[in-house]
Amino acid sequence: MNTEVTIATLGSHSALQILKGAKDEGFRTVLICLRKRLKLYSRFKKLIDEMIIVDSFSEVIFKEVQNKLLNLNSILIPHGSLVEYVSLEDIENNFKVPIFGNKYILRWESDRKLKDKLLREAGVRTPEVYSSLDEVNDIVIVKLPGAKGGKGYFLASSPEEIRKKVKSLKIDEKDIFIQKYIVGTPTYIHFFYSPLSDELEVISMDRRYETNSDGLGRIPADVQLKSKIDLSYLVIGNFPIVLRESLLEEIFEIGDDLIKASKKLVSPGFIGPFCIEGTYDGTGSFYVFEFSARIVAGTNVFINGSPYTWLLYDEPMSMGKRIAKEIKKALEEGKIKELIT
Ligand code: ATP
């Protein structure tokens with residue numbers, strides 16, 4: 002067996018950044034690649050030492066795939082595609098390859114009740130949730146069960162509108178999640194928490210470019226009124242954001258509060274990258290509606306570093322490289338067990 006650690010990830014989401022960061026820090030890399038994506042990732046072959054080819058990401062829990070990863074002494078870096086395409090039960094119970102971070106917290110980002118519990122424990126400001134449809138008297142966003150990437154979410158401002166839409170979608174009224182819609186500036190903050198130094202870093206920030214909700218402003222209101230547009234929040238790409246410096250303090254406080262809450266509710270809490278997703282309203286108050294407990298794709302904007310990492314590091318620093326740096330440090334200090342589950 003190879004005694005050197007290999008950095009592994011699934012070929013999608015933020016894989017290129019993770020591979021590049023690992024290479025920059027001197028690690029060998031292995032990519033679990035979908036057969037249909039081979040051509041794409043082969044274009045970046047200088048970042049990849051080994052490929053494990055699969056037909057579906059769910060195969061990552063198959064014995065043969067796990068054995069290959071274990072033989073390479075892999076640490077798997079989880080990202081959005083792992084959470085989306087591999088069952089959490091399998092990740093928690095049937096996956097023997099070490100995962101960077103706390104794999105048990107991934108469930109908390111996927112389950113709406115657990116997510117709310119953690120946000121509430123942290124005491125962060127969240128948009129009001131309507132327990133009854135009849136209470137709605139303002140713009141709300143209606144979230145559907147099991148939706149991915151905001152698929153099928155719709156906006157409404159009265160109980161009648163919601164009932165009509167729910168009926169046309171053939172879903173059960175009791176399954177919908179109704180949240181006040183925060184009109185303002187969507188902002189996604191990418192944190193890195195180092196258990197080795199007990200320090201929280203703001204790595205970068207982004208705004209998503211979402212179709213077709215971001216396209217609506219290009220259509221004059223009178224044309225909008227006559228057309229039938231089904232809102233979509235499918236993420237197409239990301240823009241960089243730099244916050245007003247006076248807003249940074251609150252962001253660090255939210256990050257600190259989330260770390261504290263995560264340690265209490267799902268020990269050992271957040272490890273490495275996590276992200277909060279929210280909107281600043283017209284008064285500049287930040288409402289958090291989501292968190293992700295692993296690297297988010299918005300960090301891809303900053304493969305060459307962000308203004309914030311430039312303040313902390315004298316070298317270009319991506320989230321992928323920051324992860325690799327932490328693993329390298331832990332290996333040198335004999336503390337790798339603190340970073341993996
Ligand atoms: P992902 O898992 O990719 O984050 P998701 O299915 O969990 O997606 P959300 O991130 O909750 O979906 O929402 C999708 C989009 O809807 C957000 O990026 C944001 O633009 C918008 N959105 C969600 N909740 C609110 C809210 N309360 N107020 C304003 N906008 C919102």
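Numbering (my numbering), first residue to last: 2 to 342. We put the CB at the ideal spot given by N, CA and C, even for glycine.
Which one or two residues does DSSP pair with residue i in a beta bridge?
i      : result
Ser75  : Thr7
Glu202 : Phe193
Ser293 : Cys276
Ile341 : Phe101
Tyr210 : Gly238
Thr188 : Gly279
Gln421 : Within the shown structure, residues of the chain are numbered from 2 to 342, placing residue 421 beyond reach of any answer.
Phe287 : Tyr281
Taking the C-alpha atoms as reference points, what is the distance between residue i and residue j?
i      : j      : result
Gly238 : Gly299 : 8 angstroms
His80  : Ser15  : 7 angstroms
Asp258 : Leu120 : 9 angstroms
Ser195 : Ile260 : 11 angstroms
Lys336 : Leu70  : 21 angstroms
Met318 : Asn95  : 33 angstroms
Ile341 : Lys144 : 33 angstroms
Ser253 : Glu5   : Note that residue 253 corresponds to Phe in the displayed sequence, not to Ser. If I take the Cα positions, the gap works out to 35 angstroms.
Ile54  : Lys40  : 12 angstroms
Tyr314 : Ser307 : 10 angstroms
Thr186 : Asp282 : 7 angstroms
Thr7   : Pro269 : 24 angstroms
Trp109 : Lys118 : 9 angstroms
Leu226 : Leu32  : 47 angstroms
Lys326 : Arg44  : 25 angstroms
Met2   : Asn74  : Only weak support exists for where Met2 lies, its pLDDT of 46 falling under 50; the coordinates are left without a value.
Ile183 : Val87  : 32 angstroms
Pro274 : Ile296 : 5 angstroms
Gly22  : Ile324 : 8 angstroms
Looking at the secondary structure, which residues open and close the alpha helix (DSSP H) in which residue i lies?
i      : result
Phe253 : Leu249 to Leu266
Ala23  : Ala16 to Asp25
Tyr86  : Gly81 to Tyr86
Val160 : First, the residue type needs correcting, since residue 160 is Pro and not Val in the sequence shown. Start and end: Pro160 to Leu170.
Leu35  : It is not in any alpha helix (DSSP H) - Leu35 instead sits in the beta strand (DSSP E) that spans Arg29 to Leu35.
Leu235 : Run containing Leu235: none in the alpha helix (DSSP H); it sits in the beta strand (DSSP E), Tyr234 to Pro241.
Val55  : Careful: Val55 lies outside any alpha helix (DSSP H), inside the beta strand (DSSP E) at Glu51 to Val55.
Ile1   : Because residue 1 is not part of the residues shown, which for the chain are 2 to 342, the question remains open.
Ser111 : Leu107 to Ser111
Ile92  : Leu89 to Asn94
Thr300 : No alpha helix (DSSP H) holds Thr300; DSSP gives it neither H nor E.
Tyr314 : Looking at the DSSP string, Tyr314 is not in any alpha helix (DSSP H), and its letter there is neither H nor E.
Between residue i and the ligand ATP, is the CB less than 6 angstroms from at least one heavy atom?
i      : result
Phe192 : no
Thr284 : no
Pro187 : yes
Gly22  : no
Phe155 : no
Tyr281 : no
Gly151 : yes
Pro79  : no
Phe63  : no
Tyr86  : no
Glu291 : yes
Ile183 : yes
Ile230 : no
Gln180 : yes
Pro128 : yes
Buried or exposed, going by whether 16 or more other CB atoms sit within 10 Å of the CB of residue i?
i      : result
Lys37  : exposed
Asn103 : buried
Val243 : exposed
Thr284 : exposed
Asp223 : exposed
Asn301 : buried
Asp56  : exposed
Val61  : buried
Ser13  : buried
Lys322 : buried
Glu65  : exposed
Pro221 : exposed
How far does the beta strand (DSSP E) with residue i in it extend, from its first residue to its last?
i      : result
Ala157 : Phe155 to Ala157
Val141 : Val141 to Lys144
For residue i, decide whether its Cβ has a neighbour in chain C, counting only Cβ atoms nearer than 7 angstroms.
i      : result
Leu332 : No chain C appears in this structure, which consists of one protein chain only.
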